[in-house]
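Novice:
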Amino acid sequence: MSVRSFDAGVRKILEERIRSLAELHSAGYGAVAEIEYVPGYPVLVNHAQETAFALEVAKELLGEENVVDNLPPISGSEDFAYFLQNKPGCFLRLGNGNSAVLHNPAYDFNDDSLTIGAAYWTRLVERYLTENLD
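With the numbering used here as the guide, the letters of the sequence shown map in order to residues 17 to 150.
1. Going by C-alpha to C-alpha distance, which of 95, 42, 79 sits closest to residue 106?
2. Check each candidate in 72, 122, 28 and name the one with the smallest Cα separation from residue 139.
3. Rounded C-beta distance between residue 97 and residue 55? I'm assuming under 8 Å.
4. Drop a sphere of 10 angstroms on the beta-carbon of residue 123, count the other beta-carbons inside from all chains shown, and report buried for 16 or more, exposed for fewer.
5. Whole angstroms is fine: what's the gap from residue 129's alpha carbon to residue 113's?
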């Protein structure tokens, strides 16, 4: 089973409830539950300042009409969450057209998005270095 939430506190409550339910249910049958709970990836939380900066650069480069800044949260598992626990940052998604969703056999990567992504990351670094190195 995979347990995911958008809040670390909720995740802790879910673990406690899973343990409690397993123990109570097994006790009802005169058994003892053996629970191995692996928490998995942490909750991914973007930092406000870095997110605002990333959006500003995207809108500057791509035009405000091409940037969506109110996407609903996703409950995916993402290694980047570990980075964000230690350093401020922003996880973002680059659109890739109207193909089937990722991990679908019909998915077709839009190669044209590579140049857009490269331009974005280049501009992000240029702006950051210009504004933060004296």
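Beta carbons are placed, not taken as given, at the ideal position from N, Cα and C, and that holds for glycine.
From a predicted model like this one, the values you see are computed outputs, not experimental measurements.
Specialist: In terms of the structure at hand:
1. 95
2. 72
3. 12 Å between Cβ atoms; not a contact.
4. exposed
5. 8 Å
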